[in-house]
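Visitor: One structure, pasted below without further comment.
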Amino acid sequence: MELQFIGHSAFYLETEKAGILIDPFISQNPISKFDPKSKVTDILVTHGHSDHLGDAIPISKQTGATITAIFELANYCAKCGAKVQAVNIGGKIPFEWGRARFFSATHSSSTPDGAYAGCATSILMEINGMKIFHAGDTGLHQEMKTIGEIYKPDIAILPVGNFYTMGVKEAAIAAQWLGAKKIIPMHYNTFDLIKADIKKLKSFLPKNIECITLEPGQKIGFY
Ligand code: NI
Ligand code: MN
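Per the working numbering: the sequence shown ends with 684, consecutive numbering throughout.
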């Protein structure tokens, strides 16, 4: 299994069976790096903002990949011609490659035309026994403790850019509440407004939590 950071909050997770795109903000993303030949089978979207929904709809139309998102956002994507799977908070969603659960993030969400897009979400994916938590856009919130207690994510991908989401200090707390041993920072340095100091993030983290910083296009393998 290989995880590629595309840039901003966009990731591509490749397994033997699947190619999973998360928050595919690619064509309008000033820092994105993504190989268009990648075999996308699934698209997971945390919320409707354009820097997360991104190219999900055109990629779904091109590849036939299914967009899985919260009910209201999935319905919007379906109206735009994408193949969708509408989900909601807390349930186990089976996939060929494993399973996922959507949790509420503390953030807003709307579709590109300004309509209500349901709850903004964080997504926990379980693949080959590895639990990867993609927080989406969120502020720090107490439910992260519960997610840590019950689901024990191995890796937490956390926004650190401040202004629209948590900053580095809160992300270091979130990492501890989630109980993740590894974190990957995201949603920073894409624009000036969300500049973050990763050295500071590392200084706030306890020694038993590793911070993996990925450059756009960079991949890491999990075996
Ligand atoms: Ni957002
Ligand atoms: Mn965002």
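Ideal placement from N, C-alpha and C gives every residue a C-beta, glycine not left out.
Given the structure is predicted, the values throughout are model-derived calculations rather than measurements.
#1: For T607, does the count of other Cβ atoms within 10 angstroms reach 16, so buried, or fall short, so exposed?
#2: Would you mind stating whether H469 and D512 have Cβ atoms separated by less than 9 Å?
#3: Can you tell me where the beta strand (DSSP E) holding Q465 begins and where it ends?
#4: Quick one: is the Cβ of H700 within less than 8 Å of any heavy atom of ligand 2?
#5: Answer yes or no: the CB of H508 versus the heavy atoms of ligand 1, is any distance below 8 Å?
#6: Have a look at K630 and G600 and give me their C-alpha separation to the nearest angstrom.
#7: Could you check where the alpha helix (DSSP H) with K660 kicks off and where it finishes?
#8: Can you name, in chain order, every residue of its own chain whose Cβ lies under 6 Å from the Cβ of L482, other than the five neighbours on each side?
#9: Counting only runs that start and end within the region 519–556, where is the beta strand (DSSP E) found for 3 or more residues in a row?
#10: Helix, strand or coil for S569, going by three-state DSSP, please let me know.
#11: According to the neighbour-count rule (16 or more other Cβ atoms, all chains shown, within 10 Å of its Cβ), is Q465 buried or exposed?
#12: Just the Cα atoms here: how many angstroms apart are A561 and L585?
#13: With a CB to CB cut of under 6 Å and the five nearest residues on each side skipped, what residues in its chain are close to K661?
#14: Going by C-alpha distance, which of W638, A471, A517, D484 is nearest Q603?
#15: Residues in the same chain with beta-carbon distance under 8 Å from G551, minus the five sequence neighbours each way, listed in chain order, please.
#16: Going by alpha carbons, who is nearest to F665 out of I528, M647, I634, N490?
#17: Given a threshold of 16 other Cβ atoms within 10 Å of its Cβ, counted over all protein chains shown, does E587 qualify as buried or as exposed?
#18: Could you tell me which uninterrupted beta strand (DSSP E) segments, each at least 3 residues in length, are contained entirely in the region 586–651, listed from first to last along the chain?
#19: For G571, count neighbouring Cβ atoms within 10 angstroms of its own Cβ and tell me buried if that reaches 16, exposed if not.
#20: Heavy atom of ligand 2 less than 8 Å from the Cβ of Y625, yes or no?
#21: What does a CB cutoff of less than 7 Å around D658 pick up in its chain, not counting 5 residues either side in sequence?
#22: Spatial neighbours of I531 within its chain, please: CB distance less than 7 Å, with the 5 preceding and 5 following residues excluded, ordered by chain position.
Guide: With the structure as the only source:
#1: exposed
#2: yes
#3: 463–468
#4: Residue coverage of the chain in this structure runs from 462 to 684, which leaves residue 700 outside it and unanswerable.
#5: yes
#6: 11 Å
#7: 659–665
#8: Y473, V501, I504
#9: 527–531, 544–548, 554–556
#10: coil
#11: buried
#12: 5 Å
#13: V629
#14: W638
#15: R562, F563, F564
#16: I634
#17: buried
#18: 591–595, 616–620, 643–647
#19: Per the sequence shown, residue 571 should be read as Ser rather than Gly. Its Cβ being crowded by 16 or more others within 10 Å, S571 is buried.
#20: yes
#21: V629
#22: V548, N549, F563, G579, C580, T582
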